[in-house]
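Novice:
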Amino acid sequence: MRTQVAIIGAGPAGLLLGQLLSRAGIDNVILERRSLDYVLSRIRAGVLEQGMVDLLHEAGVSDRLEREGLVHDGFSLAYHGALHRIDLKGLTGGRTVTVYGQTEVTRDLVEARHALDRPTIYEAQDVALHDIDGTSPRLTFTKDGKAHELTCDFIAGCDGYHGISRASLPETALQIFERVYPFGWLGLLVDRPPASHELVYAGHERGFALCSMRSAERSRYYIQVPLEERVEDWSDEAFFDELRQRLPAEVAEAVVTGPSIEKSIAPLRSFVAEPLRFGRLFLAGDAAHIVPPTGAKGLNLAASDVRYLFDALREHYRDHSDAGLDSYSARALARVWKAERFSWWMTNLLHRFPERDGFDGRIQETEFAYLTQSRAACTALAENYVGLPY
Ligand code: APR
Ligand code: PHB
242 MRTQVAIIGA GPAGLLLGQL LSRAGIDNVI LERRSLDYVL SRIRAGVLEQ
292 GMVDLLHEAG VSDRLEREGL VHDGFSLAYH GALHRIDLKG LTGGRTVTVY
342 GQTEVTRDLV EARHALDRPT IYEAQDVALH DIDGTSPRLT FTKDGKAHEL
392 TCDFIAGCDG YHGISRASLP ETALQIFERV YPFGWLGLLV DRPPASHELV
442 YAGHERGFAL CSMRSAERSR YYIQVPLEER VEDWSDEAFF DELRQRLPAE
492 VAEAVVTGPS IEKSIAPLRS FVAEPLRFGR LFLAGDAAHI VPPTGAKGLN
542 LAASDVRYLF DALREHYRDH SDAGLDSYSA RALARVWKAE RFSWWMTNLL
592 HRFPERDGFD GRIQETEFAY LTQSRAACTA LAENYVGLPY
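Residues in the sequence shown are numbered from 242 upward in steps of one, following this note's numbering.
Below is the structure:
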């Protein structure tokens, strides 16, 4: 088998890159370790920057997003019971974010790929990369017990944090930057209207809490929990009880409880592997970097990587220039690091760190007080939240 761009991973990064390439007439094949059902059952974040919405539009997959996505002009921060609204639209000259689940983005991309009749090989096992330093790299894999080989011009490693692309590089080739946080997020999805029509991010003595949503009828809530916690030990009732205690009274009273349709714990991590290019292999999305979910940047960073990588590949095939490929890593990383900084900052602002001392506590309180008093501080938060320019 031969293609122009071999993509590893059918998450949002791989599918979006595939869609943009296909529409530009660039042949591509996606290899995915999991089944289609598994890929479509993962519940992940759901706040899209305008840049990502525009890219989905360019990729021809924005019809349902435009119909069902909820445009949010702002969100609220809560700290020890006080509420403070961040007017995203007013502070950024009219920019907003769109609430639309990553699972829905993935579904739209899968359907679009199906309509274009482009190949995705699900349940591709033992994917291995070969000759990434040469002009004709190859991927080998097994499917239904049979060995296959895919030869290509370029490999896009879009296979997430636990993928094979980054893992198959020699350790000396990579520089790793990492921060592991001493807590996780316990998330719960419920078919009940959201407590507030906008997101509420709450910092509290008992720990962080977030009120989010997927639609006017479906809510997504999170609470910070110690890393050792097990999801089986959290009944829905205990979850809602803890959530309410961390929210300002007016928000807590508006929480509508119901049976969870999904509940899971995710650890929090900041991670960047540099560079993003090795010969003919290009890393994009979670394969190269992770942010803690505070600030909702993970999915949006996957989209900005894909923006740069798609432009670079199109330049290669259409304009016979490798300038974009040569600068991909530096361009993408510059934006990645700004989102890393922002996600780290917002995580520090709102979480209860177990090792926190009195000084840390005062700094956190003061950071919040400063936000409530300074338009400049809010503007800095808002311009990062809506997404820095590509
Ligand atoms: N071979 C083939 N596919 C693989 C392999 C492998 N060895 N390892 C992982 N994959 C697949 C995974 O099964 C998954 O479907 O790669 C895909 C990676 O998808 P994601 O983890 O969703 O990563 P990405 O596409 O970069 O999406 C951006 O940002 O913060 C996050 O939640 C957000 O998942 C989202 C991500
Ligand atoms: C979500 O809705 O899942 C969500 C929203 C905002 C975040 C993180 C997750 O910052």
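Heads up, the beta-carbon is just placed ideally off N, CA and C, and yes, glycines get one too.
#1: Does the pairing of the stretch 540-558 with the stretch 418-432 give three or more beta-carbon distances under 8 Å?
#2: Does the beta-carbon of Met-242 have 16 or more other beta-carbons within 10 angstroms, so that it is buried, or is it exposed?
#3: Measuring CA to CA, which of Leu-261, Thr-535, Ile-249 is closest to Asp-552?
#4: Closer than 8 Å to a non-hydrogen atom of the ligand PHB - does that hold for the CB of Met-454?
#5: Compare the Cα-Cα distances from Val-294 to each of Asp-314, Thr-337, Val-270, Glu-273 and report the closest residue.
#6: Could you tell me which whole alpha helix (DSSP H) segments of length 4 or greater appear in the stretch 488-531?
#7: Have a look at Phe-449 and Thr-383 and give me their C-alpha separation to the nearest angstrom.
#8: Determine the direct distance from the alpha carbon of Ala-490 to that of Gly-255, and round the result to whole angstroms.
#9: Output needed for Gly-310: all residues of its chain with C-beta closer than 6 Å, excluding positions within five of it in sequence on either side, in chain order.
#10: Less than 8 Å between the CB atoms is what I'm expecting for Val-577 and Val-513, so what's the real figure, rounded?
#11: Excluding five sequence neighbours on each side, which residues of the same chain lie with their C-beta closer than 6 Å to the C-beta of Tyr-549?
#12: If distances are taken between C-alpha atoms only, which option among Ala-247, Met-454, Arg-264, Val-441 comes closest to Phe-672?
#13: Measuring CB to CB, does Asn-625 end up less than 9 Å from Phe-583?
#14: Compare the beta carbon distance of Leu-524 and Phe-395 with 9 Å and say whether it is the shorter of the two.
#15: Between Leu-451 and the ligand PHB, is the CB less than 8 Å from at least one heavy atom?
#16: Helix, strand or coil, according to DSSP, for Tyr-631 in the structure here?
#17: With respect to 8 Å, is the separation between the Cβ of Gln-260 and the closest non-hydrogen atom of the ligand APR below this value?
Specialist: The structure says:
#1: no
#2: Taking the sequence shown and counting its residues from 1, the one referred to as residue 242 is at position 1. Met-242 comes out exposed.
#3: Numbered from 1 along the sequence shown, position 311 holds the residue referred to as residue 552. Comparing Cα-Cα distances from Asp-552 to each of Leu-261, Thr-535, Ile-249, the minimum goes to Leu-261.
#4: By one-based count along the sequence shown, residue 454 stands at place 213. Met-454 Cβ: within cutoff of the ligand PHB.
#5: Here residue 294 refers to the residue found at position 53 when the sequence shown is read from its first residue. If we check each option's Cα against that of Val-294, Thr-337 comes out closest.
#6: 490-495
#7: Residue 449 sits at position 208 when you count from the first residue of the sequence shown. Residue 383 sits at position 142 when you count from the first residue of the sequence shown. Rounded to whole angstroms, Phe-449 to Thr-383 spans 44 Å at the Cα level.
#8: Here residue 255 is taken as the residue at index 14 of the sequence shown, counted from 1. Here residue 490 is taken as the residue at index 249 of the sequence shown, counted from 1. Gly-255 and Ala-490: Cα-Cα distance of roughly 42 Å.
#9: The sequence position of residue 310 within the sequence shown is 69, counting from 1. Around Gly-310: Thr-339, Tyr-341.
#10: Indexing the sequence shown from 1 puts residue 577 at position 336. Indexing the sequence shown from 1 puts residue 513 at position 272. Yes, they are in contact, since the Cβ atoms of Val-577 and Val-513 sit about 6 Å apart, within 8 Å.
#11: By one-based count along the sequence shown, residue 549 stands at place 308. Excluding positions up to five away in sequence, the list reads Tyr-569, Arg-572, Ala-573.
#12: This structure cannot settle anything about residue 672, because the visible part of the chain is limited to 242 through 631.
#13: In the sequence shown, residue 625 corresponds to position 384, counting from 1. In the sequence shown, residue 583 corresponds to position 342, counting from 1. The answer is yes: Cβ separation under 9 Å.
#14: As a first step, residue 524 must be located in the sequence shown, where it is residue number 283. As a first step, residue 395 must be located in the sequence shown, where it is residue number 154. It is not a contact, given that the beta carbons lie outside the stated cut-off.
#15: One-based indexing of the sequence shown puts residue 451 at position 210. Leu-451: yes, Cβ under 8 Å from the ligand PHB.
#16: Locating residue 631 in the sequence shown gives position 390, where the first residue counts as 1. Residue state, collapsed to three classes: coil.
#17: By one-based count along the sequence shown, residue 260 stands at place 19. No, Cβ of Gln-260 sits at least 8 Å from all heavy atoms of the ligand APR.
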